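Q: Before we start, here is the structure in question, set down as C-alpha cells.
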Amino acid sequence: MRIFAGKSSDQERLPTGDGRIVLDCWSEYVIEADSRPPLPGDCLRRELPGDGRWRGLVNFGDYIGLLWLDGQLLEVHSAKLDSEGFDLLLRQITDRVSNLPFDINSPSFVPFAREELNERDRLYHALMYLRWAMWFSRPSLEESWAQVAADPHRTLIREERHVRPWDARGVTPRTLERIASHPEMWVRLPGDSPLASTALGAQLTDSRGRSYFPSEIIEATAETCIDNPENRFAKYFIGLARELAERAHRVLLATGGIDQGLLTDTEKLTGELRAMEGADFLRDVGQMQRFPAHSQVLQKRAGYRELLLHHQALVLASRYPIAADDLRRILETKSASLLYEYWCFFEMAEQLAALLGRPTEALVSGDELHAFLAEGIKLVFPGGIELHYNRSFSRANSTWQSYSVPLRPDIVLKVGDRLHLFDAKFRVDRWDVSTELNGAELDEIEEDDRAAVASKGWWKNADIHKMHAYKDALGGEGARVATVWVLYPGTEEKFYESAPGSMEGVGAIPLAPAGDRSALGGVLARTFEA
C-alpha cells in the first residue's frame with residue numbers, strides 16, 4: 001500500500017522510525033492498494049482511476065487514532081489532539097460521570113439477562129466503563145478484586161454430626177441432654193469396663209445396677225464456608241465483566257476500520273478479567289441463584305462494596321449519559337468533534353461544582369434500555385442553577401422556545417431567568433484568523449506576523465455568526481438569552497458586549513483539553529456576578 005499527500009502522486013508519505021505512517025486529519029490523501037482497505041466511517045471521498053490497482057481519495061475528517069490498513073499501521077492525528085489525548089478525554093468523561101448523581105449510583109437495579117448481552121450499544125457502554133474501572137478508577141477494579149480474593153468473606157455453617165464419644169470436640173449441656181433422651185444409642189458395658197467408672201457411665205445405669213455408655217453422640221458443629229451468596233455474587237460479576245469484554249472484542253473485530261489501540265486495550269482487558277476468574281477461592285464457590293440485594297457485606301465491606309458499585313454501573317450502562325449512536329461514532333469512527341462536545345460539558349460541570357458545590361440532581365432522558373437524549377442531560381446545582389447538554393428549542397415548547405426552526409445548542413446554563421449558551425467547535429487545524437487585530441486589518445500585517453497570529457488558533461468567524469443566531473432566536477417563558485459562546489481548543493478569548501460593561505453579548509472561550517482551562521472558569525464566575 002502507498003499513500004500520497006493531496007491528489008497528486010509525487011508526495012508519498014513514508015513510515016516513521018517506529019514503522020507507522022503519520023497522517024493529518026481533515027487532509028486529503030490518495031491511497032493505492034491491491035484492493036479496497038477497510039476504511040473507517042465515510043472517509044472515502046471517491047474512487048480514482050488506477051492501473052490495475054485500487055486507488056481512492058481519502059479524507060479522515062476528525063478521526064483521531066491508529067489503524068491497520070493492508071498490513072501498515074497508520075496514525076491519524078492533529079496538532080490539538082493525538083490518539084493518547086483522545087483516550088484521555090474518554091477517561092476523564094467516565095471519571096467525572098462516576099462522581100455525579102446519575103442513575104448509575106442508584107441503589108435500585110436488577111442484574112443483566114445474559115441473552116441481552118449481544119446488543120452492540122450496551123456492549124460499547126460497558127466496555128467504556130470497564131476500561132476506566134480496571135485501570136483508572138481509585139481503587140481500581142483489579143485492586144478491589146485482589147482485596148476480595150486475599151480474604152474472601154466466610155460464613156459459619158452449623159450442622160449436627162454423629163460421632164463416637166471420644167471423637168467429640170466438646171460437651172455442652174445440650175450434648176448431655178441428647179444422650180439422656182436417646183437410650184437407643186446406649187450399649188451395655190461389661191462389668192470390668194473402665195467406662196463404667198466414668199461420671200457418664202455411673203449415671204447411665206438401670207434398676208439392676210447395670211452400666212451403659214452411648215455408642216455415639218450428636219454433636220453440633222460450626223464450620224467456616226466461602227460458598228456463600230456474597231462470593232457467588234463476586235464470581236458472577238467477574239464472569240459477567242469478562243463476558244462483556246469478550247463480546248465487545250468480537251464486535252470490534254467485525255467492524256471495519258476500527259482503532260488498533262482500542263482493540264489492543266480490549267484484548268488486554270479480557271486477559272486480565274480471565275486471570276481474575278482463576279482466583280483459587282472461586283473453586284469452592286457455586287453459581288449465583290439469587291441476587292443478595294440486602295447483604296450488608298456487599299454494601300459495607302471493602303472490596304465487595306466496590307464490586308457492587310461496578311456491577312451497578314454495568315447493569316445501568318444503557319443509562320450512561322452518552323447516547324448510543326454518539327458512543328458508536330466515538331469508538332468506531334473516533335470522532336474528535338463529538339468527543340470534544342461531551343468533554344466540554346463535563347469540564348463545565350466540574351468547574352461549576354468547584355464554584356457552586358456538588359450537583360444535587362442529574363438526569364438523562366430515555367427509558368430503561370436507551371438513553372435517547374432527545375432532551376439531553378440535565379444537572380441541577382445548589383441554588384437551582386441548571387446545566388443542560390443537547391437541550392432542544394422549538395416553536396412548540398414555550399419554556400425552551402425557538403421562534404423559527406428547531407435549534408439545539410450543545411450546552412445551556414440557566415441562572416435564574418438568564419440563559420447562557422455554549423457551542424463546542426473542535427476545529428482541528430482549520431483556523432480562521434480574525435479580520436481585525438488591534439485595529440489593523442489582516443492584510444496590513446507583515447507576513448511573518450500574520451503566520452504567528454494564525455499559529456495561536458483563533459475562532460472561526462462563521463461560529464460567531466451562529467452565536468448571534470442563537471441569541472436572537474432562542475428564549476422561553478421567563479427566560480432570555482444573555483450570552484452565547486463558542487468553546488474551541490485555541491488560545492484567544494474574546495467577548496463582544498452588546499452594551500459596555502454588561503454581561504450580554506457573544507464571544508469565544510479557549511478550552512483546550514491539554515491546555516489552560518482558566519478562561520472558562522473566569523467567564524462562569526463573571527456570569528454569577530452579573
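With the working numbering, you'll find the sequence shown wraps up at 530, consecutive numbering, no jumps.
No residue lacks a Cβ here, since even glycine has one placed at the ideal position from N, Cα and C.
No experiment lies behind these values; they were computed from the predicted model shown.
(1) For L314, which residues from the same chain have a beta carbon less than 6 Å from its beta carbon, with the 5 sequence-adjacent residues on both sides left out?
(2) Does the Cβ of Y304 have 16 or more other Cβ atoms within 10 Å, making it buried, or fewer, making it exposed?
(3) From the DSSP output, which residues share a beta bridge with V58?
(4) Taking only three categories from DSSP, how would you classify H77?
(5) Grab the span of the beta strand (DSSP E) containing I93 for me, first residue to last.
(6) Could you tell me which uninterrupted alpha helix (DSSP H) segments, each at least 4 residues in length, are contained entirely in the segment 171-243, listed from first to last along the chain?
(7) Along the alpha helix (DSSP H) that carries W343, what are the first and last residues, could you check?
(8) Please classify R158: does DSSP put it in a helix, a strand, or coil?
(9) If we require 4 or more residues per run, which alpha helix (DSSP H) segments fall completely within the segment 485-518?
(10) Beta-carbon within less than 7 Å of P139's beta-carbon, same chain only, minus the 5 sequence neighbours each way: which residues are those?
(11) For the segment 212-224 against the segment 235-244, do three or more pairs of beta-carbon atoms, one drawn from each stretch, fall closer than 8 Å, so that the two count as touching?
(12) Taking the alpha-carbon positions, what's the F345 to Y389 distance?
(13) Using 8 Å for Cβ pairs, my map puts A525 next to L355. What's the rounded Cβ distance?
(14) Judging by CA-CA distance, which residue of R188, S197, Q203 and R154 is the nearest neighbour of L176?
(15) Could you spell out the range, first to last residue, of the alpha helix (DSSP H) harbouring V297?
(16) Three or more C-beta pairs under 8 Å: does that hold for the segment 252-272 against the segment 195-211?
(17) Is it buried or exposed for I509, if we count other Cβ within 10 angstroms and need 16 for buried?
(18) Where DSSP assigns a beta bridge to A362, which residues make up the other side?
(19) Going by other Cβ atoms of all chains shown within 10 Å of its Cβ, with 16 needed for buried, is E47 buried or exposed?
(20) Take M185 and list the residues in its own chain whose beta-carbon comes closer than 7 Å to its own, dropping the five residues that flank it on each side.
(21) To the nearest angstrom, how far is it from the Cα of P152 to the Cα of E160?
(22) What distance in whole Å lies between the Cβ atoms of R247 and L363, which are believed to be in contact at a cut-off of 8 Å?
(23) Can you tell me whether E386 is helix, strand or coil according to DSSP?
(24) How many Å lie between L57 and A324 at the Cα?
(25) For the candidate residues V285, R158 and P229, whose alpha-carbon lies nearest to that of F291?
(26) When you compare each of R283, T94, A424 and V415 to R408 by their alpha carbons, which one comes out closest?
(27) Where does G490 land, buried or exposed, given buried means 16+ other C-beta within 10 angstroms?
(28) What separation, rounded to the nearest whole angstrom, lies between the Cα atoms of T333 and L327?
(29) With H, G and I counted as helix, E and B as strand and the rest as coil, what does DSSP make of S394?
(30) Whose C-alpha, out of V30, G6 and A514, is nearest the C-alpha of P49?
(31) For A5, does the three-state DSSP call read helix, strand or coil?
(32) Since R55 and E32 should fall inside the 8 Å C-beta cutoff, what is the C-beta to C-beta distance between them, to a whole number of angstroms?
(33) Sorted by chain position, which residues of the same chain lie with C-beta nearer than 8 Å to D280's C-beta, five sequence neighbours on each side aside?
(34) For R20, does the three-state DSSP call read helix, strand or coil?
(35) Could you tell me how far apart the beta carbons of V412 and F528 are, in whole angstroms, since I believe they sit closer than 8 Å?
A: Let me spell this out:
(1) Cβ-Cβ distances below 6 Å link L314 to A126 in the same chain, with the five nearest sequence neighbours on each side left out; the list follows chain order.
(2) Y304 counts as buried, since no fewer than 16 other beta carbons sit within 10 angstroms of its beta carbon.
(3) Y29 and L44, per the DSSP bridge assignment.
(4) Correct three-state label for H77: strand.
(5) Element bounds for I93: not the beta strand (DSSP E) but the alpha helix (DSSP H), S83 to V97.
(6) DSSP runs (the alpha helix (DSSP H)) wholly in the segment 171-243: 173-181 and 199-203.
(7) Where W343 is concerned, the enclosing alpha helix (DSSP H) stretches over A336 to L356.
(8) In this structure, DSSP gives R158 an extended state, which the three-state scheme calls strand.
(9) Annotation note: the segment 485-518 contains no uninterrupted alpha helix (DSSP H) run of length 4 or greater.
(10) The residues E306, in chain order, have a CB closer than 7 Å to that of P139 in the same chain once the five nearest residues on each side in sequence are set aside.
(11) Contact fails: fewer than three Cβ-Cβ distances are below 8 Å.
(12) Taken atom to atom, the span from the alpha-carbon of F345 to that of Y389 is near 7 Å.
(13) Yes, A525 and L355 are in contact; Cβ-Cβ is about 7 Å, under 8 Å.
(14) Per the Cα distances, Q203.
(15) For V297, the enclosing alpha helix (DSSP H) has its first and last residue at Q296 to K300.
(16) Contact fails between the segment 252-272 and the segment 195-211, because fewer than three Cβ pairs, one in each stretch, are under 8 Å apart.
(17) Residue environment for I509: buried (at least 16 other C-beta atoms within 10 angstroms of its C-beta).
(18) In the DSSP output, where bridge partners are listed per residue, A362 has L379.
(19) Exposed.
(20) Setting aside the 5 residues that flank it on each side, M185 is surrounded in the same chain by P214, S215 and E216, each with a C-beta closer than 7 Å to its C-beta; the list follows chain order.
(21) Separation of P152 and E160 (C-alpha to C-alpha, rounded to the nearest whole angstrom) is 25 Å.
(22) With a contact defined as Cβ atoms closer than 8 Å, L363 and R247 miss out at about 29 Å.
(23) Judged by DSSP in its simplified three-state form, E386 adopts strand.
(24) The alpha-carbon atoms of L57 and A324 are separated by roughly 30 Å.
(25) Restricting attention to V285, R158 and P229, the CA atom closest to the CA of F291 is found in P229.
(26) The shortest C-alpha to C-alpha distance from R408 to any of R283, T94, A424 and V415 is the one to A424.
(27) By the neighbour-count rule (16 or more Cβ atoms within 10 Å), G490 is buried.
(28) Looking at the two C-alpha atoms, the distance is approximately 10 Å.
(29) Three-state result, S394: strand.
(30) P49 has its Cα closest to that of V30, out of V30, G6 and A514.
(31) In this structure, A5 counts as strand in the three-state DSSP scheme.
(32) Between R55 and E32, the beta carbon gap of about 5 Å places them in contact (Cβ cut-off 8 Å).
(33) So the list reads A149, once near-sequence residues are dropped.
(34) Reduced to three states, the DSSP call for R20 is coil.
(35) Actually they do not touch by this definition, with Cβ atoms about 16 Å apart.
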